[in-house]
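Trainee: Quick one: the structure is below, and I'll ask about it shortly.
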């Protein structure tokens, strides 16, 4: 055989696969381009986005009305938000624990009934955005923190349920079989074989859930469910932009603080086991 | 081991268990006490039970939602498409915008550890700590009503998560291919292209698809504050007190999300 006369070009994908990949990419590009046309996106507005943002911030939102932040009613609403997030996260996690057990394919007590049922509950809680839950509960129960707590509970149930059950699905089967061999029932297997394995991860997930719940709790009030969002909505509608700026800044600062605290707590839990 | 030493050890274990039990009892007691205080505020101070009425009244108002407004369905096609496209473009724009953030916020490729790295990290947290509703409010007042505001809000909200996961993946790459490319004379850009990118690409694509899936949920509420899509239809049905219409819109959101979930499953399989 003569030495390779023609330089061979190497490619990762051979003929049919490469064609399909090219076509898929092309289709995606066409779709994105068409979407811009369909949505009637005024790209020229992007050009003066920064200028407009600049004048907006300088003329209307500046200076932020920080004095408003220290009024007792606003401080009270911060406390309300914290309490709503706490209750919502706690109730959501407590409900998510049995559901996560039922919804983990490897440990569920019944694969026919409980597994799909628990999966369905978790998925539908997750699928609907927390703001839509809030609006629904507000329209059923009226304005106030109760609606917010229930909305946050469902939101946390969906969020924590998914993460907790994924953690259970990744456990080591050895202890499970050992406990089962002693004649333990399903609940005992869960308590003595599963819980000790996932305890640390579940604690971390719970702290993270609180974090997410607090972020949502700061804005559920926008649709009438109490807390800081209530003032945000009021001042947005009154076009009282300097107060809006102050409220947004306070929300960002509080969420950042809670995020840093929760990152620290999660690291401590992971280290301390 | 003698019997006495054995007994001592058993005693020590028992004591440490008791101690741990007491500590965890205190911890759970604290959690329960805080929950009681919060529950008191919510259920007793804040809720007006008289106005809420009996369980029957609540069930009745739940019952109003239990119907479907079939006449609304033809009007839903357009907003559903709009929501879906907003999510796609928003994710795409977010993925493009997060490139400089990743570059600054990954410890092993950052241009400067003291200025760019903390800035990149801050931007990641900042983007995630503002709720999408607040982002949408900001952009609606900056670029006006419509889907452009929604796209920008989704993009800004997505930056944080994509950038964080990608930066962590870049920090954990195997250094050997990078050294090899340096050894054959590759410059910084070539190291990035041939040393780092092949290693992190599966993670990045998976994260983008995950974020896209979440963005479909988010884009369904953008309309509540004037940024287009299904949220606007939802809001309209709500203010018209057309409760069956509200249920119909929610069902269409669910349908869209299920389609998105199935699609993301297959796309993920195809690209990774």
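Chains as they are written, first to last, in our numbering: chain G, 1 to 273; chain L, 274 to 545.
Glycine included, C-beta positions come from ideal geometry on N, C-alpha and C.
Could you name the residues of chain G that residue 355 of chain L contacts, counting a contact when the two beta carbons are closer than 7 Å?
Mentor: Residues of chain G passing the Cβ test: 39.
Trainee: Counting only beta-carbon separations shorter than 8 Å, does residue 361 of chain L have a partner in chain G?
Mentor: It does: the Cβ of residue 361 of chain L has a partner Cβ on chain G nearer than 8 Å.
Trainee: Considering only C-alpha positions, which residue in the set G/59, G/83, G/38 and G/100 is nearest to residue 362 of chain L?
Mentor: Among G/59, G/83, G/38 and G/100, the Cα nearest to that of residue 362 of chain L belongs to G/38.
Trainee: Along chain L, in chain order, which residues have C-beta atoms closer than 7 Å to that of residue 129 of chain G?
Mentor: Result: 490, 491, 493 and 494.
Trainee: Can you list, in chain order, the residues of its chain with a C-beta nearer than 6 Å to that of residue 213 of chain G? Leave out the 5 residues immediately preceding and following it.
Mentor: Result list for residue 213 of chain G: 85, 88, 89, 152 and 156, in chain order.
Trainee: Taking three-plus beta-carbon pairs below 8 Å as touching, is the stretch 195-214 of chain G in contact with the stretch 167-186 of chain G?
Mentor: Yes, the stretch 195-214 of chain G is in contact with the stretch 167-186 of chain G.
Trainee: Tell me whether the stretch 493-511 of chain L and the stretch 389-398 of chain L touch, counting them as touching only if at least three CB pairs, one residue from each stretch, are closer than 8 Å.
Mentor: Taking 8 Å as the limit for Cβ pairs, the verdict is that the stretch 389-398 of chain L does not touch the stretch 493-511 of chain L.
Trainee: For residue 48 of chain G, name the three-state secondary structure that DSSP assigns.
Mentor: It is coil, neither helix nor strand.
Trainee: Please classify residue 160 of chain G as buried or exposed, where buried requires at least 16 other C-beta atoms within 10 Å of its C-beta.
Mentor: Buried is the call here.
Trainee: Measure from the C-beta of residue 70 of chain G to each C-beta in chain L and report whether the shortest distance is under 8 Å.
Mentor: Cβ-Cβ to chain L under 8 Å: no for residue 70 of chain G.
Trainee: Leaving out five residues before and five after residue 438 of chain L in sequence, what residues of the same chain have Cβ atoms less than 6 Å from its Cβ?
Mentor: So the list reads 480, once near-sequence residues are dropped.
Trainee: Output needed in chain order: residues of the stretch 402-418 of chain L with a Cβ under 7 Å from some Cβ in chain G.
Mentor: So the close ones are 402, 403, 404, 406, 407, 410, 414, 415, 416 and 417.
Trainee: Please state whether DSSP places residue 39 of chain G in a helix, a strand or coil.
Mentor: Coil.
Trainee: Decide if the stretch 230-239 of chain G is in contact with the stretch 293-309 of chain L; the criterion is three or more beta carbon pairs, one per stretch, under 8 Å apart.
Mentor: No: the two stretches stay apart, fewer than three of their Cβ pairs being nearer than 8 Å.
Trainee: If we define contact as Cβ-Cβ less than 8 Å, is residue 1 of chain G a contact residue for chain L?
Mentor: Its pLDDT being 45, under 50, residue 1 of chain G is placed unreliably in this model, and the coordinates cannot settle the point.
Trainee: Given this structure, state the Cα-to-Cα distance separating residue 277 of chain L from residue 287 of chain L, to the nearest angstrom.
Mentor: Cα to Cα, the separation comes out at about 15 Å.
Trainee: Return helix, strand or coil for residue 521 of chain L, following the three-state DSSP convention.
Mentor: If DSSP states are grouped into helix, strand and coil, residue 521 of chain L belongs with the helices.
Trainee: Is residue 100 of chain G close to chain L? Criterion is C-beta to C-beta, closer than 8 Å.
Mentor: Taking Cβ atoms only, chain L never reaches closer than 8 Å to residue 100 of chain G, which makes this a no.
Trainee: Quick one: which unbroken beta strand (DSSP E) runs of 3-plus residues sit fully inside the stretch 187-212 of chain G? Chain order, please.
Mentor: Here no run is fully enclosed.
Trainee: Apart from the five residues just before and just after residue 140 of chain G, which ones in its own chain have a Cβ nearer than 6 Å to its Cβ?
Mentor: Result list for residue 140 of chain G: empty, nothing under 6 Å.
Trainee: Show which residues of chain G have a CB atom less than 8 Å away from the CB atom of residue 511 of chain L.
Mentor: Per Cβ cutoff of 8 Å: 135 and 139.
Trainee: Can you give the Cα-Cα distance for residue 529 of chain L and residue 491 of chain L, rounded to whole angstroms?
Mentor: Their Cα atoms are separated by approximately 12 Å.
Trainee: Could you give the DSSP three-state label for residue 471 of chain L: helix, strand or coil?
Mentor: It is helical.
Trainee: Taking 7 Å as the limit between beta carbons, can you name the residues of its chain near residue 1 of chain G, skipping five residues before and five after?
Mentor: At residue 1 of chain G, the pLDDT of 45 sits below 50, so the modelled position is not reliable and the matter cannot be decided from this model.
Trainee: Going by Cα to Cα distance, which pick from L/326, L/527, L/356 and L/386 is closest to residue 546 of chain L?
Mentor: Chain L is shown from 274 up to 545; residue 546 of chain L falls before or after that span and cannot be answered.
Trainee: Evaluate residue 294 of chain L with the Cβ neighbour count: other Cβ atoms within 10 Å of its Cβ, from every protein chain shown; 16 or more gives buried, anything less gives exposed.
Mentor: The residue is exposed, with fewer than 16 neighbouring Cβ atoms inside 10 Å.
Trainee: Can the beta-carbon of residue 104 of chain G be found less than 8 Å from the beta-carbon of residue 227 of chain G?
Mentor: No, the pair does not count as a contact, with Cβ atoms beyond the cut-off.
Trainee: For the stretch 206-225 of chain G against the stretch 399-419 of chain L, are there 3 or more C-beta pairs whose distance is under 8 Å?
Mentor: Judged by Cβ distances under 8 Å, the stretch 206-225 of chain G makes contact with the stretch 399-419 of chain L, as three or more pairs qualify.
Trainee: Please classify residue 488 of chain L as buried or exposed, where buried requires at least 16 other C-beta atoms within 10 Å of its C-beta.
Mentor: It counts as buried.
Trainee: Please list the segments of the alpha helix (DSSP H) lying wholly inside the stretch 369-443 of chain L, counting only runs of 4 or more residues, in order along the chain.
Mentor: Entirely contained in the stretch 369-443 of chain L, the alpha helix (DSSP H) runs reaching 4 residues are, in chain order, 389-402 and 405-416.
Trainee: At least one CB of chain G closer than 8 Å to the CB of residue 289 of chain L: is that the case?
Mentor: Residue 289 of chain L does not count as touching chain G.
Trainee: Check whether the stretch 364-377 of chain L touches the stretch 416-436 of chain L, taking contact to mean three or more Cβ pairs, one atom from each stretch, closer than 8 Å.
Mentor: Yes, since at least three Cβ pairs between the stretch 364-377 of chain L and the stretch 416-436 of chain L fall closer than 8 Å, the two stretches touch.
Trainee: Just mark residue 73 of chain G as buried or exposed, buried being the case when its beta carbon has 16 or more other beta carbons within 10 Å.
Mentor: Exposed is the call here.
Trainee: Pick from L/486, L/430 and L/342: whose alpha carbon is nearest that of residue 538 of chain L?
Mentor: Nearest option by C-alpha distance: L/486.
Trainee: Measuring CB to CB, does residue 345 of chain L end up less than 8 Å from residue 131 of chain G?
Mentor: Not closer than 8 Å, so no.
Trainee: What are the residues in the stretch 311-328 of chain L lying within 8 Å of chain G by C-beta distance?
Mentor: The stretch 311-328 of chain L vs chain G, Cβ under 8 Å: 311, 312, 314, 315, 316, 319, 320, 321, 324 and 325.
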